[in-house]
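Have a look at the structure below, then the notes.
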Amino acid sequence: MADIDTSSGGGHGKHKGGVRSKKLSTRVDLTPMVDLAFLLISFFMLTTQLSKSVAMDLAMPKKPDNVEVKPEPVAGSKVLNLIADKDDVLWYYPDVVVGGLKKTEYTPSGLRQVILKRQAEVKAKWGLDNDGDSKMVVLIKLTDDANYKNMVDILDEMELTKTKIYAIQDVNDLELEAIKNGGNANISE
Amino acid sequence: MPKFKVKRGSTWVDMTAMCDVSFLLLTFFILTAKFRPAEIVPITTPTSRAENAVAEDMVTFSIDKDGKAYMAIGKPERKTQIIEKLVSLSQNKYGNIDENTQKLFTRLELVGVPIQQLPQAVKRSTAELTEMRVAGQLSGIPMDSTNNQLGDWVQAVRYVYAETDKLSNPPVAIKGDRASNIKGIKRLIEIFKEKDVYKYKLVTSLENKVEK
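Those sequence lines, one after another, are chains C and Z.
No gaps in the numbering here: position 106 of the first sequence is 106 in the working numbering, and each next residue is one more.
No gaps in the numbering here: position 4 of the second sequence is 4 in the working numbering, and each next residue is one more.
Here's what the structure looks like:
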C-alpha cells in the first residue's frame, strides 16, 4: 500500500492490485507565463511610444533688410483674427475692423468650427489656391495672459484645417479695449 | 461496417515555444526602451498632432512655467564648439571662463545659470543641479534686454552651425511648459529674430486622442 509505483506496467494483484500513483507529468503549463510576457511586452511598447516627444515646425518672417518695403495689404474678407486670452478664452472676429468679438474654446466644436466656417466663406468669395487649399489668412494674436499651450493649440489647428497662411502678431489696443468690454469695440469713444 | 475509432487528439498545446518568443521580444523591448531621463527642470510640453521626431543634434531652449529660460545641447561635440564660440564672441564680458570650465561644460546637461556662474555650475552633478532647482537657486539664463545672455548663446549656436555645417538655419527647438506664460516664449522668439534665426521647432508631445 505505501510503496510508490513508478513503473507504468506490471500490476501485481489479480483483481485488486496496489494503489497506482499516477505518473506525474513534467509538463508545466506555460500559458500564464506567456500571458504575463505579452502583457509586459505591450506595456513596454506603449510606454516607449508615449514618451517620445515630437516637434512642430514654425517659421517666422524674416526681418526686412529694407525698412521701406511695406508688406502687401491683405483683403479684409480673407482674414480671421484669433486672440488668445487668459484662462483659455479665445476671442475671434473676421475681417480687419475690430468689433463684435466672440468667444470660443479650444475644442473641435469650438475653434475648429470657427475656422471651417470662415474657410467656407473665404472659399465662396475667393475660391481655392492651386493646391486646393483655403486662401484664408489667420492672424494669431496672443495677449500677455495667454499661455504657451494656447499658442500650440492654435498652431495645431492651423495644421489640421490646412490653413497655410497665418501669422503671429501683437494684440493692438483696440482689441484689448474690445476684450475689456466683453467683445464690443466702442470706436465712437 | 467496421467501426472506426477516431483517436481523440489532445488539446494540450505546447506553450514552450511561444513563451520563448514572447520573452525574447520582452527582453528586446526592455533593452531598447529609452525612458525619459530625469530632467533637471521638469517641463510638461503641450500636446499636438505633429509627427516629426525630435533630432538628436539639436539645441533646445526651454521655458519653464515660471518663465525662466534654459538651454540644452543635444550632442557633446556641439557643446565644446558652442562654449568655445561663446567665449570667443563674448571676449571676457562675463568674466574668465577657463579651459577647465570649457572641458567640464561637455558634461553639463542643461545650462540654467547666468554665464558668470558657469565655472561653479559645471562642477555640479545632475542630481545637485536638480536639488538647486528644487530649492529655487537655478535662476535660468537671463534674457532681458539689458542683460541678454540668451541672445549671446543663440548667436554662438548659430555661428557654430553656420561654420561647421554651413547651415543657415541652426536646428533649434523651443520647449515650453504648457502653463508657461506667453511672454517668455514671445521674448525668446524675439531674441531668435534679433539673431537671424527664423525657423525652429516647437517641442510637443503626442496628442492623446482620448483627451479631446
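Note that beta-carbon positions come from the ideal geometry of N, C-alpha and C, so glycine has one too.
The structure displayed is predicted, hence computed values, not measured ones.
query: Segment contact, 8 Å Cβ cut-off, at least three pairs: the segment 173–188 of chain Z with the segment 58–65 of chain Z; result: yes
query: Residue-level contact to chain C via CB, ARG78(Z), 7 Å cutoff; result: no
query: GLU56(Z) beta carbon less than 7 Å from that of GLY74(Z); result: yes
query: Residues near ILE97(Z) by beta carbon distance below 7 Å, same chain, minus five either side; result: VAL87, LEU118 and PRO119
query: Proximity test, Cβ basis, 7 Å: GLN169(C) and chain Z; result: no
query: Contacts that ALA59(C) makes with chain Z (C-beta to C-beta distance below 7 Å); result: TYR198 and LYS199
query: Selection of the segment 143–167 of chain C by Cβ proximity to chain Z, strictly under 9 Å; result: THR143, ASP144, ASP145, ALA146, ASN147, TYR148, LYS149, ASN150, MET151, VAL152, ASP153, LEU155, ASP156, GLU159 and LEU160
query: Spatial neighbours of GLY151(Z) in its chain, beta-carbon cut-off 8 Å, leaving aside the 5 residues before and after; result: MET143, ILE191, GLU194 and LYS195
query: Cβ-Cβ distance between ARG239(Z) and ILE40(Z) below 7 Å; result: In the structure displayed, chain Z extends from 1 to 212; residue 239(Z) sits before or after that span and is not available.
query: Within the segment 101–155 of chain Z, ranges of the alpha helix (DSSP H) (whole runs, at least 4 residues); result: 118–121 and 126–134
query: Whether VAL137(C) touches VAL79(C) by CB criterion (7 Å); result: yes
query: Inter-residue spacing [alpha-carbon to alpha-carbon] between LEU36(C) and ASP29(C); result: 13 Å
query: 7 Å Cβ cutoff, VAL137(C) in contact with chain Z; result: no
query: Sub-7 Å separation of ILE25(Z) and ILE165(C) beta-carbons; result: Per the sequence presented here, residue 25(Z) reads as Leu, with Ile not at that position. Going by C-beta atoms, LEU25(Z) is not nearer than 7 Å to ILE165(C).
query: Interface partners of THR104(C) on chain Z, CB under 8 Å; result: Residues of chain Z passing the Cβ test: none, with the nearest at roughly 15 Å.
query: Residues of its chain near GLY213(Z), where Cβ-Cβ distance is below 7 Å and the 5 sequence neighbours each way are ignored; result: Because chain Z here runs from 1 to 212, residue 213(Z) falls outside it and cannot be looked at.
query: Which residues DSSP lists as bridging ILE140(C), in chain order; result: LEU82(C) and ILE168(C)
query: Nonlocal neighbours in the same chain, by C-beta distance under 7 Å from ASP95(C), ignoring five residues either side; result: GLY76, SER77 and VAL79
query: Nearest-angstrom beta carbon gap, SER48(Z) and ILE163(Z) [assumed within contact, 8 Å]; result: Here residue 163(Z) is Glu; the residue named in the question, Ile, does not match the sequence. In fact, because the Cβ distance is near 33 Å, the residues do not count as touching under 8 Å.
query: Listed by chain order, chain C residues near ALA33(Z) by CB distance under 8 Å; result: PHE44, THR47 and THR48
query: Top-ranked residue by Cα proximity to ILE179(C), from TYR148(C), GLY132(C), LYS149(C) and THR143(C); result: THR143(C)
query: ALA17(Z) versus PRO32(C) - alpha carbon distance; result: 14 Å
query: Helix, strand or coil at ILE174(Z) [DSSP, three-state]; result: strand
query: Proximal chain A residues relative to THR16(Z), where beta-carbon distance stays under 8 Å; result: Absent from the structure: chain A. Protein chains present are C and Z.
query: Continuous beta strand (DSSP E) assignments of at least 3 residues falling wholly in the segment 88–152 of chain C; result: 90–94, 102–104 and 137–142
query: Local conformation of VAL34(C) per DSSP, three classes; result: helix
query: Among LEU46(C), LEU90(C), VAL122(C) and LEU160(C), the one whose alpha carbon lies nearest that of ASP145(C); result: LEU90(C)
query: Contact check, PHE38(C) vs SER22(Z), beta carbons under 7 Å; result: yes
query: Buried or exposed (CB count within 10 angstroms, at least 16 for buried), LEU138(Z); result: buried
query: Partners in chain Z for LYS22(C), counting only beta-carbon separations shorter than 8 Å; result: What LYS22(C) touches in chain Z: nothing, since even the nearest Cβ is about 16 Å away.
query: Own chain partners of SER188(C) with C-beta closer than 6 Å, once the 5 adjacent residues on each side are dropped; result: A caution first: SER188(C) carries a pLDDT of 45, below 50, which makes its placement in the model unreliable, though a value can still be read off. Contacts found: none.
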